[in-house]
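Undergrad: Here the sequence shown is numbered in my numbering, starting from 1 and rising by one per residue. We treat Cβ as the ideally placed atom computed from N, Cα and C, and that holds for glycine. These numbers were taken from a predicted model, which means no experiment stands behind them. One structure, as structure tokens, below. Some questions next.
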Amino acid sequence: MAVHAAWKPEFKSYLRVEIVRGTPGAPPRLSLHFGHTDGVLVSDGPYERKLFSLLDGSRTCQEIIREMKSDPHITTVRVWGDLKKMFEFGLLQNAAADKAGLSQKHIKRLERHIGYLGLLDTPGEKRYHLQRKLLESHVTVLGTGAMGSHVLDLLGRIGVGNFRIVDDDTVEVSNLNRGRFTRADIGKAKTQVVRELLLGIDDAITIEVQEKRINSAQDIVDILQTGRKTDLVLLCADTPLAISSWMNQAALQTGIPFLTSGYQGCGAEVGPLVIPGKTDCLMCLLGRDAPDSEDVSHVEVPQELVWLNERAATGHPTDAAHTAFVASRLAHEAEMYLIGQTPNTLGTILNYDPATWSFGSLERPRVRNCPACGRRHPDETPE
Ligand SMILES: [Zn+2]
């Protein structure tokens, strides 16, 4: 990692310090830590105390070295080495990091989030640039109901700057138990309510509204090929039943990545993030066993029980906390993708069981020769 002499080192703002006294007779040490966890332990000596007291972001590395060298026993190599180590360890960030052209208004609103991005970026040097990536991103959200409204709320708050939102539905009283809606919204178009929600967070957000019902893969292709090119699609609609398959087809046709999620009883699935040409597609993962696959030729249903499948297609039971939890994971995965980190759901489906507070991934063999994307998985079993 390159650390520059002109950087102004400061401790990342979540760090605390305390003196740790070990066994009797052992010298005390300083712990730099977060919360109650053990932190980085260093000697508690005059050198450390003086060096740390200078790490408030007001001095360059060069100035710190000069000040430390007022003690003739202290060398440039020692101080420079310690500063580099602390940057590499993620304890420090550069207070003079380039602001990437962000406005003061955005810096003020997004200050905490920019700090969070600084945690993902070890030396904290790129945090404003990562925020800028989000401000310049364009995300299309299909479905602005319960899941979509929460996801959009979260993405708007972390500074995603441009959206296309698609839905043809209006708010009903039955939406109030889990979506980001109130009684005053009943009867309004969901897209309009969500648009106002986003503009209430930041009036610089651009929002393209399409009040449209999706009835085919081509409908999604048409949506994605209208206006500005989208960076990522979030599928937040669960009807019509075949919409996931249509999304998969549309992504493969346009080359635009998508991310989705779903409920499984009291649990949930998040992902996959499908990047056409780079990851497995939804059909590779689920094949024709996908509950919404258009290929239902292998499914035999007793005529008297067709109503059961029709009822299941009207929506999965959930509660507000669960919906918001899944939406938050979806938004976070989207954020990781948009800033160039590797999301956990890349080409795979993660599942969550709230009863045991456990997380896992969907372990099932990939389709050997995927009929949708043509990917081959020779070691896998199902055809
Ligand atoms: Zn595939």
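#1: Any contact of the region 243-255 with the region 301-310, i.e. 3+ C-beta pairs under 8 Å?
#2: Where Cys370 and Gly287 are concerned, what is the direct C-alpha to C-alpha distance, given to the nearest angstrom?
#3: Take the Cβ of Val173 as the centre, count every other Cβ of all protein chains shown within 10 Å, and call the residue buried at 16 or more, exposed below.
#4: Between the alpha carbons of Pro240 and Arg195, how many angstroms are there, rounded?
#5: Which partner residues does Leu273 have in the DSSP bridge list?
#6: Quick one: Cα of Glu88 to Cα of Arg132, how far?
#7: Closest by CA to Leu198, which one among His332, Arg127, Val160?
#8: Taking the runs of the alpha helix (DSSP H) that are 4 residues or longer, which of them lie wholly in the region 37-92?
#9: DSSP beta-bridge partners for Glu18?
#10: Smallest Cα separation from Leu142: which of Leu51, Pro365, Thr230?
#11: Am I right that Pro270 and Met147 are in contact with their C-beta atoms under 8 Å? What's the rounded C-beta distance?
#12: Please state whether the Cβ-Cβ distance between Ala2 and Gln62 is less than 7 Å.
#13: Let's test the definition: count the other Cβ atoms within 10 Å of the Cβ of Arg329 and tell me whether it reaches 16, buried, or not, exposed.
#14: Helix, strand or coil, according to DSSP, for Glu172 in the structure here?
#15: Would you tell me roughly how many angstroms separate the C-alpha atoms of Leu224 and Leu120, rounded to the nearest one?
#16: Name all residues in chain order for which at least one heavy atom of ligand 1 lies closer than 5 Å to the residue's CB.
#17: With H, G and I counted as helix, E and B as strand and the rest as coil, what does DSSP make of His4?
#18: Looking only at C-alpha atoms, which of Tyr116, Leu134, Leu92, Phe359 sits nearest to Pro123?
#19: If we require 3 or more residues per run, which beta strand (DSSP E) segments fall completely within the region 354-379?
TA: The answer reads as follows:
#1: no
#2: Distance from the CA of Cys370 to the CA of Gly287, rounded to the nearest whole angstrom, comes to 8 Å.
#3: By the 10 Å Cβ count, Val173 comes out exposed.
#4: 23 Å
#5: Leu259, Leu346
#6: 23 Å
#7: Val160
#8: 46-53, 61-68, 76-88
#9: Its beta-bridge partners are Ser31.
#10: Thr230
#11: According to the sequence displayed, residue 270 carries Val and not Pro. Actually they do not touch by this definition, with Cβ atoms about 11 Å apart.
#12: no
#13: buried
#14: Coil at Glu172, not helix or strand.
#15: 31 Å
#16: For ligand 1, residues qualifying as neighbours are Cys281, Met283, Cys284, Cys370, Ala372, Cys373, Arg375, where qualification means a beta carbon closer than 5 Å to at least one of its heavy atoms (chain order).
#17: coil
#18: Leu92
#19: 358-361
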